[in-house]
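Peer 1: Sending over a structure as structure tokens; questions will come in a sec.
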Amino acid sequence: MAKPPGPGETGNDRPENRAENDIRDDELERRRRQLEATLATRRQAERDGEKSTGSSGVTGYGQALKLSSEFIAGIAVGVGIGWIIDRTAGTSPWGLIVFLLLGFGAGVLNVLRSAGMVTEAGVRSADKQSDGPEKK
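Numbering-wise (the numbering used here), the sequence shown opens with residue 328 and increments by one.
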């Protein structure tokens, strides 16, 4: 019975294939060294980054709390306005449904503004200000 190849063995030990196997082994060894060097530089950069920021985890939690509270506040205000309109106008449940959806949209917009993905209302960026027609 033939012994199955072990880890790292190609199972192709014939004399005519030894040169090819040596080239493969050299290439794998070169790639392994290159990977180790890349990982070492990245690990060093991560260690340096951790020393400089220090409280990045706390900052992330604060940002998450801010974004989630702005989203929930938009929905809560929408529901509150809808409920008040339903109670005073007798349009139950349509005011609540409409203002719930409006509150959801407002909450999403608030989150996008806080995250910096959408500019504030009425504020134009510098590149868009120059795109308009020039007045003479």
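We put the CB at the ideal spot given by N, CA and C, even for glycine.
Fair warning: this is a prediction, and the values are worked out from it, not measured in the lab.
Would you identify the three-state DSSP class for T418, choosing helix, strand or coil?
Peer 2: Here T418 sits in coil by DSSP.
Peer 1: Measure from the alpha carbon of G401 to the alpha carbon of each residue in I412, L428, N348, then state which is nearest.
Peer 2: When each option's Cα is compared against that of G401, the closest is L428.
Peer 1: Cβ of F398 less than 8 Å from any chain C Cβ?
Peer 2: Absent from the structure is chain C; it holds one protein chain and no more.
Peer 1: Given this structure, state the Cα-to-Cα distance separating D375 from R359, to the nearest angstrom.
Peer 2: Each residue's alpha carbon lies about 24 Å from the other.
Peer 1: On a CA-only basis, which of T446, G422, E373 is nearest V404? Give me that one, please.
Peer 2: Ranking T446, G422, E373 by Cα distance to V404 puts G422 first.
Peer 1: If we call anything under 8 Å between Cβ atoms a contact, is G430 one with V406?
Peer 2: Result yes, Cβ atoms of G430 and V406 sit closer than 8 Å.
Peer 1: Are the beta-carbon atoms belonging to V397 and V438 less than 8 Å from one another?
Peer 2: The question names Val, but residue 397 in the sequence shown is Glu. A contact, by the Cβ cut-off of 8 Å.
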